[in-house]
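>
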Amino acid sequence: MSSIYIAFSPAMQEWGSDVGVSKHLYKAGFTDGDAKEALEELRAEGYAGQKDWELAGTREVADLDAATFSARLAERQKTLDPLYYPKLKGAKDIVKLDQRKVEASIVIKRTMEGRDSKVPKLKPDMLADFIMDSVTGQGLT
């Protein structure tokens with residue numbers, strides 16, 4: 000079964016914050032195998048110059064292939080251009096999230112479910128769900 004995964008690197012997030020890009024930088028990936036194995040491959044190859052990748056979330060998908068995943072990700076999320084940022088070392092699918100957009104989406108979703116609509120403190124798993132929902136078409140984005 001294929002799956003999508005979202006990973007983050009604390010060192011990359013610190014770099015993004017320091018250069019003014021965003022502290023919310025995530026690697027969105029597609030794999031036909033296990034997401035944990037894909038994460039180990041990211042660490043081993045030093046993807047985007049980082050070896051401290053951590054898994055933020057994963058989801059199995061039956062009706063999605065790698066090409067569709069890449070196309071949907073590009074049209075629904077802002078990704079960093081590896082040619083503009085040499086620090087990325089050619090890495091693609093690094094998603095830059097706008098904190099206010101994610102917070103608004105979560106508040107709207109909670110309100111529609113009849114739950115408390117207080118603005119939450121964002122955690123990596125919430126941001127991963129936001130990205131995966133947008134790629135799979137389940138989100139409000």
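Per numbering that gives the first Met the number 0, the very first residue in the sequence shown carries number 0; after that it's consecutive.
Glycine residues also receive a C-beta, built at the ideal position from the N, C-alpha and C atoms.
Cα-Cα, which of Glu-59, Gln-76 and Ala-6 is closest to Glu-39?
On the sequence shown, residue 39 is found 40 positions in, with the first residue counted as 1. For Glu-39, the nearest C-alpha among the options comes from Ala-6.
> Let's see if you can read the secondary structure: which residues bound the alpha helix (DSSP H) around Val-94?
Stepping through the sequence shown from its first residue, residue 94 is reached at position 95. That residue, Val-94, is in no alpha helix (DSSP H); its beta strand (DSSP E) goes 93-95.
> Can you name the start and end residues of the alpha helix (DSSP H) that Gly-28 belongs to?
In the sequence shown, residue 28 corresponds to position 29, counting from 1. Run containing Gly-28: none in the alpha helix (DSSP H); it sits in the beta strand (DSSP E), 24-30.
> Name the DSSP bridge partner or partners of Gly-56?
The residue labelled residue 56 in the question sits at position 57 within the sequence shown. For Gly-56, which the question treats as bridged, DSSP gives the partners Ile-5.
> Assuming Gly-56 contacts Met-131 under a Cβ cut-off of 8 Å, what Cβ separation, rounded to an integer in Å, is found between them?
Along the sequence shown, read from residue 1 onward, the residue named residue 56 stands at position 57. Along the sequence shown, read from residue 1 onward, the residue named residue 131 stands at position 132. That belief holds up - the Cβ atoms of Gly-56 and Met-131 are roughly 6 Å apart, short of 8 Å.
> Can you tell which of Val-106, Ile-107 and Val-101 has its C-alpha closest to the C-alpha of Gln-76?
As a first step, residue 76 is located in the sequence shown; it is residue number 77 there, counting from the start. Nearest of Val-106, Ile-107 and Val-101 to Gln-76, Cα basis: Val-101.
> My understanding is that Asp-92 touches Leu-72, with C-beta atoms under 8 Å, so please give their C-beta distance in whole angstroms.
Position 93 of the sequence shown holds residue 92. Position 73 of the sequence shown holds residue 72. Confirmed, about 6 Å.
> Would you call Ala-127 buried or exposed, if buried means 16 or more other Cβ atoms sit within 10 Å of its Cβ?
Translated into the one-based positions of the sequence shown, residue 127 becomes position 128. So Ala-127 ends up on the buried side.
> Determine whether the beta carbon atoms of Ala-90 and Tyr-46 lie at a separation below 7 Å.
The sequence position of residue 90 within the sequence shown is 91, counting from 1. The sequence position of residue 46 within the sequence shown is 47, counting from 1. A contact, by the Cβ cut-off of 7 Å.
> Determine the direct distance from the alpha carbon of Phe-68 to that of Pro-85, and round the result to whole angstroms.
For the purposes of this step, residue 85 is identified with residue 86 of the sequence shown, where counting begins at 1. For the purposes of this step, residue 68 is identified with residue 69 of the sequence shown, where counting begins at 1. Rounded to whole angstroms, Pro-85 to Phe-68 spans 24 Å at the Cα level.
> Measuring straight from C-alpha to C-alpha, what distance separates Arg-99 and Lys-22?
Within the sequence shown, the letter at position 100 stands for residue 99. Within the sequence shown, the letter at position 23 stands for residue 22. The straight-line gap from Cα to Cα measures roughly 13 Å.
> Determine the burial state of Gln-137: buried for a count of at least 16 other Cβ atoms within 10 Å of its Cβ, exposed for fewer.
Here residue 137 refers to the residue found at position 138 when the sequence shown is read from its first residue. The residue in question, Gln-137, is exposed, as its Cβ has fewer than 16 Cβ neighbours within 10 Å.
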